[in-house]
Amino acid sequence: MKIPFNQIYTTGREIYYINNCIKSQGGQGKFYTKKVQDFICGKFKASKVLLTTSCTAALEMAALLVNLGPEDEVIMPSFTFTSTANAVMLRGAKPVFADIDGLTLNISPEDVEKKITSKTKAVIPVHYAGIACDMDKLLYIAKENGLFLIEDAAQAVNALYKDRYLGTIGHIGCYSFHATKNYTCGEGGAILLNNIDPKMIKRAEYLWEKGTNRQAFLAGMVDKYTWVDVGSSYTPADLLAAYLYAQMEELDIIYDFRRKVYERYYESLLEYEKKGLIRLPFIPSYAVSNYHIFYLLFTSEEHRNFVKEGLNKVGIEAVIHYMPLHLSPMGRRLGYKEGDLPVTEKAASTILRLPLYPDLTEEKQEYILKNLSRLLNALE
Ligand SMILES: Cc1ncc(COP(=O)(O)O)c(C=O)c1O
1028 MKIPFNQIYT TGREIYYINN CIKSQGGQGK FYTKKVQDFI CGKFKASKVL LTTSCTAALE
1088 MAALLVNLGP EDEVIMPSFT FTSTANAVML RGAKPVFADI DGLTLNISPE DVEKKITSKT
1148 KAVIPVHYAG IACDMDKLLY IAKENGLFLI EDAAQAVNAL YKDRYLGTIG HIGCYSFHAT
1208 KNYTCGEGGA ILLNNIDPKM IKRAEYLWEK GTNRQAFLAG MVDKYTWVDV GSSYTPADLL
1268 AAYLYAQMEE LDIIYDFRRK VYERYYESLL EYEKKGLIRL PFIPSYAVSN YHIFYLLFTS
1328 EEHRNFVKEG LNKVGIEAVI HYMPLHLSPM GRRLGYKEGD LPVTEKAAST ILRLPLYPDL
1388 TEEKQEYILK NLSRLLNALE
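Each residue of the sequence shown is one higher than the one before, counting from 1028 in this note's numbering.
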């Protein structure tokens, strides 16, 4: 049996909406873009949403919006994807890596506090695996120190902290609709503008539309549009929004499918956690997960690699990530070295991710679990 790590779920309506989009306007308008933006505003209670070409683009917009420059530092986890740090580096600012909490693998608010200097301008927490960071603590730290809080909610669409959806709690939130995410259009993202000055919201529209006031023109507020600020091409084609709209319609169905797969893994593997062979994902009482990732943490890198290779050998694509940013060639150029972020380093060397998607049938999951049990028993 071959079981890929990820498989894109389609609702069946994607083609219908894409066809509609092409027929009605040649895919040039913003009909579906607006529909998805309105959906996100309504469902997640966001004040303003702009769809983007990726979460990478949303993070870059956020960096522009808060006016990052060469004098600024931004605190973020090292246990994240490159886009979180690139957005900051592209503005000439410096990413400062904080360690993570060993239980949730989310940024440690205590370490964030330690890393604040007079140059710190923002904090970018990453809601790893769709499980919320400790937002009350982070909001407090941001307020006390006058910092922008930008949520990298790439993995966290439709997940909550207490009763608030992730991406809507900080000043700015960034979503990903990449093919590997719970809700997808292949490549896509969104920037959510929450608790910020309305002038910044207006500015976000300029940045989004190549530095022009085209949105004001389309709304009939000006009779021609022109260059008013810096900007880039962050707007996705409406065809992608048409695809995404179908996924948004099945938000809860996709969520339920993923939850079932996640819970089956959790219940079946609990006995191995009790034996101390592995640690399963931890969801704090303040968080409602979107079941983006199911991971195992081993007691050593050797054990992790043994199980990974064993699964790969029988056609199960179990994968590892992230290579901590502070230990990457780029991170080392920033002055980091091994031992700087011990919890991050331990997590990265002992984590293993299992396939998780709506189309993972019970039969396939049984096959994964049977092989996992065989390999875990061999570790005893
Ligand atoms: C934490 C995090 N931030 C940002 C990104 C970038 O998202 P995108 O591929 O939509 O640009 C990813 C992608 O996996 C991610 O995991």
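Just so you know, even glycine gets a beta-carbon here, dropped at the ideal spot from N, CA and C.
Annotation for residue 1244: the continuous alpha helix (DSSP H) segment containing it runs 1241 to 1245.
If you check the C-beta of residue 1128 against ligand 1, you find no heavy atom less than 6 Å away. Judged by the Cβ position, residue 1083 qualifies as a neighbour of ligand 1 at the 6 Å threshold, a heavy atom of the ligand being closer than this. For a cut-off of 8 Å, the C-beta gap from residue 1198 to residue 1222 is around 6 Å, short enough to register as a contact. Excluding the 5 residues flanking it on each side, residue 1278 has same chain C-beta neighbours closer than 8 Å at 1070, 1185, 1210, in chain order. Across the set 1106, 1150, 1266, 1238, the C-alpha of 1266 shows the shortest separation from the C-alpha of residue 1056. Residue 1245 and residue 1251 have their C-alpha atoms roughly 9 Å apart. One Cα belongs to residue 1397, the other to residue 1297, and the distance between them is close to 14 Å.
If you compare the alpha carbons of 1097, 1162, 1261 with that of residue 1239, the shortest gap goes to 1261.
For residue 1179, the uninterrupted beta strand (DSSP E) segment begins and ends at 1175 to 1180. Assignment of residue 1121 by DSSP, reduced to helix, strand and coil, places it in the strand class. Counting C-beta pairs with one atom in each stretch, the stretch 1116 to 1124 and the stretch 1294 to 1310 have fewer than three that are closer than 8 Å, which means they do not touch. DSSP, reduced to helix, strand and coil, places residue 1341 outside both helices and strands of the structure shown, so it counts as coil.
Under DSSP, the beta-bridge partners assigned to residue 1100 are 1121, 1147. Between the stretch 1130 to 1139 and the stretch 1149 to 1164 there are three or more C-beta pairs closer than 8 Å, enough to call the two in contact. Remark: the shortest separation between the CB of residue 1099 and any heavy atom of ligand 1 does not fall under 6 Å.
Closer than 6 Å to some heavy atom of ligand 1: that describes the Cβ of residue 1179. Put simply, the backbone Cα of residue 1102 is about 8 Å away from that of residue 1148. Taking C-alpha positions only, residue 1323 is separated from residue 1039 by approximately 33 Å. A residue is called buried once 16 or more other Cβ atoms fall within 10 Å of its Cβ, and residue 1248, having fewer, is exposed.
Secondary structure at residue 1233: helix, using DSSP grouped into helix, strand and coil. In this structure, the C-beta of residue 1115 stays at least 6 Å away from each heavy atom of ligand 1.
Shown here, residue 1249 sits in coil according to DSSP, grouped into three states, outside any helix or strand. Looking at the DSSP output, residue 1379 shares a beta bridge with 1323.
Per DSSP, the continuous beta strand (DSSP E) segment holding residue 1218 begins and ends at 1216 to 1220. Judged by beta-carbon spacing, residue 1126 lies within the 7 Å limit of residue 1371, meaning their Cβ atoms are closer than that value. Within the chosen limit of 6 Å, ligand 1 does not reach the beta carbon of residue 1288 with any heavy atom. Under the three-state reduction of DSSP output, residue 1157 falls in the helix class. Residue 1304 sits in coil when the DSSP states are folded into three classes, being neither helix nor strand.
For residue 1128, the CB contacts under 6 Å within the same chain, skipping 5 residues up- and downstream, are 1135 in chain order. Take the alpha-carbon of residue 1288 and the one of residue 1385: they are about 8 Å apart. Scanning 1359, 1078, 1193, 1304 for the CA closest to the CA of residue 1317 turns up 1193. When secondary structure is reduced to three states using DSSP, residue 1040 falls in the coil class, being assigned neither helix nor strand. Beta-bridge partners of residue 1203 (DSSP): 1216. Nearest Cα to residue 1109 within the set 1035, 1405, 1349, 1402: 1349. When the Cα atoms are used, residue 1092 and residue 1359 turn out to be separated by approximately 28 Å.
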